[in-house]
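Undergrad:
Shown next, in the form of structure tokens:
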């Protein structure tokens with residue numbers, strides 16, 4: 001069971017005793033998704049809304065902490081998942097649907113991920 005939150009990140013290097021050129025770079029950040037029901041599994045509820053980051057400033061800080069660089073911008077790309085993780089996610093959401101103030105699992109997924117869930121059973125890298 002594998003899944004990752006995939007973000008596009010722009011970061012800046014600003015060394016105190018050197019000059020870098022360019023000083024701004026773009027990369028892809030993959031944050032492994034916790035198993036549904038485990039601590040941290042509600043990352044999507046706390047950080048995503050309608051297929052994008054809910055609070056850009058907060059997510060820049062989250063990314064900066066993980067990358068140890070100054071993050072200039074961040075955007076959500078997708079939840080890259082295998083079928084087993086997606087099935088477990090749906091089952092866990094359905095068991096506690098009231099938590100999400102929604103009428104269905106599909107509504108919850110759309111509220112947070114938009115259309116940015118991609119099932120990849122072809123050995124995608126979540127590391």
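In full-length UniProt numbering, the protein residues as written are 1 to 127.
We treat Cβ as the ideally placed atom computed from N, Cα and C, and that holds for glycine.
DSSP puts residue 57 in a beta bridge; with which residues?
TA: By 1-based counting over the chain shown, the position of residue 57 is 57. None, per the DSSP bridge assignment.
Undergrad: Would you kindly check if the distance between the Cβ of residue 94 and the Cβ of residue 128 is under 8 Å?
TA: Past the edges of the chain, shown from 1 to 127, lies residue 128, and the structure says nothing about it.
Undergrad: In terms of residue numbering, what span does the beta strand (DSSP E) encompassing residue 13 cover?
TA: To locate residue 13, count along the chain shown from 1; it is residue 13. Unbroken run through residue 13: none, as it is neither H nor E.
Undergrad: Nearest-angstrom Cα distance between residue 45 and residue 85?
TA: Working through the chain shown from its first residue, we reach residue 45 at position 45. Working through the chain shown from its first residue, we reach residue 85 at position 85. Cα to Cα, the separation comes out at about 16 Å.
Undergrad: Does the beta-carbon of residue 127 have 16 or more other beta-carbons within 10 angstroms, so that it is buried, or is it exposed?
TA: Translated into positions along the chain shown, residue 127 becomes position 127. Confidence at residue 127 is low in this model, with a pLDDT of 49, below 50, so the placement of that residue should be treated as unreliable; the coordinate-derived value is given next. Answer is exposed; the Cβ neighbour count stays below 16.
Undergrad: Do residue 52 and residue 75 count as a contact pair if the criterion is CB distance below 8 Å?
TA: Looking up residue 75 in the chain shown gives position 75. Looking up residue 52 in the chain shown gives position 52. Yes, these two residues count as a Cβ contact at 8 Å.
Undergrad: Measuring alpha carbon to alpha carbon, tell me which residue in 33, 19, 29 is nearest residue 63.
TA: Counting from 1 along the chain shown, the entry for residue 63 is found at position 63. Comparing Cα-Cα distances from residue 63 to each of 33, 19, 29, the minimum goes to 29.
Undergrad: DSSP three-state label for residue 97, please.
TA: Locating residue 97 in the chain shown gives position 97, counting from the first residue. In the structure shown, residue 97 sits in a helix (DSSP, three-state: H, G or I).
Undergrad: Kindly give me the distance between the Cβ atoms of residue 11 and residue 89, rounded to whole angstroms, as I take these residues to be in contact under 8 Å.
TA: Here residue 11 refers to the residue found at position 11 of the chain shown. Here residue 89 refers to the residue found at position 89 of the chain shown. So it is not a contact: roughly 29 Å between Cβ atoms.
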